[in-house]
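A.B. asks:
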Amino acid sequence: MWRVERTVDGVDPSREELLPYVGPAAALPLYGALARFPFLLAVRVWTALLVLGLLALGWCALALAARPAQPRARTVATVLAALLFAAASGAVTSALALGQVALLSAAGIAGALLAYARRATLAGAFATLLAGLQPNLALALLARLRDRATLLSAALGALAFGALTLFAGGGAGGFVTYLRLLGAHGNAERFVIIQHTPAAIAYAFGAPDNLASGLGVACALSAVVAVVAVAFAARLPARDGTLLALAALPFAVPFFHEHDFAVELIPLVVLSALTRGAARAWSGVAAALVLVDWLDLAQRPAAAGQVVALGIAVAFAFVALGPGARATRADLAPFAALAVLACCALPLARAHPAPTWPDMLPAAYRAPANADASAAWSDEQRAAGLAARNPTAAALRVLPLAGCILLGFTIMIASRAERD
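All letters in the sequence shown, in the order written, are residues 66 to 485 by our numbering.
1. Between V292, R211, D361, L356, which has its C-alpha nearest G468's C-alpha?
2. Short check: CB of P340 to CB of L178, under 8 Å?
3. Measuring CA to CA, which of L161, R209, Q260 is closest to A458?
4. Just checking my contact of L280 with P263 at CB under 8 Å: how many whole Å lie between their CB atoms?
5. Return the chain-ordered list of same chain residues with a C-beta closer than 7 Å to the C-beta of A385, the five sequence neighbours on each side being excluded.
6. Cα separation between L122 and A90?
7. Quick check on the DSSP output: the alpha helix (DSSP H) that includes A277 runs from which residue to which?
8. Given a cut-off of 8 Å on the beta-carbon distance, is the pair A126 and L375 in contact?
9. Contact between the segment 163-170 and the segment 107-124 is defined here as three or more beta-carbon pairs at a separation below 8 Å; is this criterion met?
10. When burial is assigned at 16 or more other CB atoms within 10 Å of the CB, is R255 buried or exposed?
11. Taking C-alpha atoms, which residue in V328, R454, C409 lies nearest to L472?
12. Helix, strand or coil: which one does DSSP assign to D74?
13. Are there 16 or more other CB atoms within 10 angstroms of the CB of L129, so buried, or fewer, so exposed?
14. Since H324 and W442 are thought to touch, with beta carbons under 8 Å apart, how far apart are those beta carbons, to the nearest angstrom?
15. Touch check for the segment 184-193 and the segment 210-223: three-plus C-beta pairs under 8 Å?
16. Can you give, in chain order, each stretch of the alpha helix (DSSP H) that sits fully within the segment 333-392 and has at least 4 residues?
17. Could you compute how far the alpha carbon of S278 sits from the alpha carbon of R394?
18. Leaving out the 5 sequence neighbours to the left and right, which residues in its chain are closer than 6 Å to Q364 when beta-carbon positions are compared?
19. Tell me the start and end of each unbroken alpha helix (DSSP H) in the segment 150-211 that is at least 4 residues and wholly inside, in chain order.
20. Following the continuous alpha helix (DSSP H) through F226, name the residue where it begins and the one where it ends.
21. Check whether the segment 342-360 and the segment 148-160 are in contact - that is, three or more C-beta pairs closer than 8 Å.
22. Quick one: using the 10 Å Cβ neighbour count with 16 as the cut-off for buried, is E483 buried or exposed?
23. How about G173 and A196: are their beta carbons less than 8 Å apart?
24. Apply the 10 Å Cβ neighbour rule to C408 and answer buried if 16 or more other Cβ atoms are within range, or exposed otherwise.
25. Tell me the residue span of the alpha helix (DSSP H) that contains Q446.
26. Answer with buried or exposed for P315, where buried requires no fewer than 16 other C-beta atoms within 10 angstroms of its C-beta.
27. Buried or exposed: where does N435 fall if 16 or more other Cβ atoms within 10 Å of its Cβ makes it buried?
28. Which residue marks the beginning of the alpha helix (DSSP H) containing M477, and which one marks its end?
29. Grouping DSSP H, G and I as helix and E and B as strand, with all else coil, what is D396?
30. Three Cβ pairs or more, each shorter than 8 Å: is that satisfied between the segment 347-355 and the segment 395-407?
31. If contacts are defined as beta-carbon pairs under 8 Å, then L311 and A205 qualify, I think. What distance do you get, rounded to the angstrom?
32. According to DSSP, is I331 part of a helix, a strand, or is it coil?
33. Excluding the 5 residues preceding and the 5 following V463 in the sequence, name in chain order all residues of the same chain whose CB lies nearer than 8 Å to its CB.
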């Protein structure tokens with residue numbers, strides 16, 4: 066991989082920068098086809114696919130809100146607001162800049178939820194397959210399996226995913242090998258600064274390895290139990306129960322990066338389009354917490370103005386998405402939250418900058434001889450400083466997780482209000 070990667074324009078060939086591939090084998094036919102193009106053409110094609118994913122994510126999430134019919138001009142304005150809401154988010158700008166498949170997976174999840182609701186079996190199967198490009202995100206679809214039509218659609222997509230996995234990954238033996246390598250990669254990356262998981266955050270605050278891992282497991286189990294308990298106790302409809310599962314996802318899976326927060330656009334768009342009053346205010350605060358890349362303030366202090374400007378764009382899009390013809394007091398919530406959070410986070414991040422990979426790798430860095438990809442990746446992160454305990458980075462990563470908790474609470478009260 067590195068022999069090819071080092072020939073790409075912009076890559077420093079004097080140091081090794083191997084980034085292992087740990088996605089599912091089902092995606093390899095797609096990536097293999099792209100790999101046969103010249104590099105710049107492959108980048109353009111992949112970027113175009115990601116942009117299509119962004120459009121699909123925004124449209125499907127808005128369609129899930131199922132708002133009453135509106136005049137055409139208002140409908141167009143609402144669609145544009147949903148796209149701005151998504152495009153200005155830290156998760157989407159990160160996914161587009163880094164070429165992350167999380168954006169396509171999020172689009173697949175939104176498309177699957179819409180297809181399930183409309184009983185479009187084949188469309189739901191394809192969307193389920195697309196969501197599986199990043200399995201840790203697609204797990205949230207389990208919360209939607211409440212009726213036979215949905216089970217059939219999801220099962221067809223899962224069967225296609227399984228067949229592609231076995232075909233492209235070397236059969237059952239290859240799948241076992243993949244799971245072993247995935248475990249090794251998980252150990253290499255579980256506590257690094259780019260992980261937005263409770264375990265990684267606890268480690269960065271100073272918790273010993275075993276305690277941090279234990280807290281991560283406890284949070285995962287608690288998240289699953291909480292989603293099931295709340296969904297049944299509050300009698301959440303299928304859509305709202307799945308939105309709650311999406312809000313809990315960062316607490317329930319072992320891998321979660323900034324671009325993975327793209328899945329939170331689905332519940333946030335629905336709430337932004339439907340809620341009024343207190344639920345709307347809480348939705349706006351959650352949007353400010355989740356959709357701004359707060360860690361980027363420490364990793365790229367020079368881009369602080371851009372981060373805040375994108376946050377303001379998210380707040381304006383939130384207002385434009387509202388169900389009323391005019392803004393209300395509740396629409397001030399994301400602006401107020403952004404102002405308070407920025408006043409706290411900006412000086413903290415400026416005083417305690419955080420490292421990035423591969424920028425902070427030492428000059429002429431070489432991975433350990435005979436190291437496999439996971440071991441090389443682990444050593445690269447250590448050498449770049451990403452594995453160091455950094456309480457400031459931990460505090461900044463707490464913000465989107467706090468937003469997800471608030472998002473879950475808001476989904477519950479908004480669902481109750483919609484049914485009353």
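In this text, a Cβ means the ideal position worked out from N, Cα and C, and glycines have one as well.
C.D. replies: Quick answer:
1. Cα-wise, what sits closest to G468 is L356.
2. Per the sequence shown, the amino acid found at residue 340 is Thr instead of Pro. The answer is no: Cβ separation not under 8 Å.
3. Q260
4. 6 Å
5. A142, A146
6. 24 Å
7. 274-298
8. no
9. yes
10. By the neighbour-count definition (other C-beta atoms within 10 Å, threshold 16), R255 is a buried residue.
11. For the residues V328, R454, C409, the minimum Cα distance to L472 belongs to V328.
12. coil
13. Buried: at least 16 other Cβ atoms inside 10 Å.
14. Between W442 and H324 the Cβ distance is about 18 Å, and since that is not below 8 Å, they are no contact.
15. yes
16. 342-355, 361-364, 369-385
17. 42 Å
18. A419, T421
19. 155-163, 167-182, 186-196, 200-203
20. Following the DSSP letters along the chain, one finds F226 inside the alpha helix (DSSP H) bounded by residues 213-234.
21. yes
22. exposed
23. yes
24. exposed
25. 438-449
26. buried
27. Result: exposed.
28. It spans 456-484 - the alpha helix (DSSP H) in which M477 sits, taken as one unbroken run.
29. helix
30. yes
31. 5 Å
32. helix
33. I266
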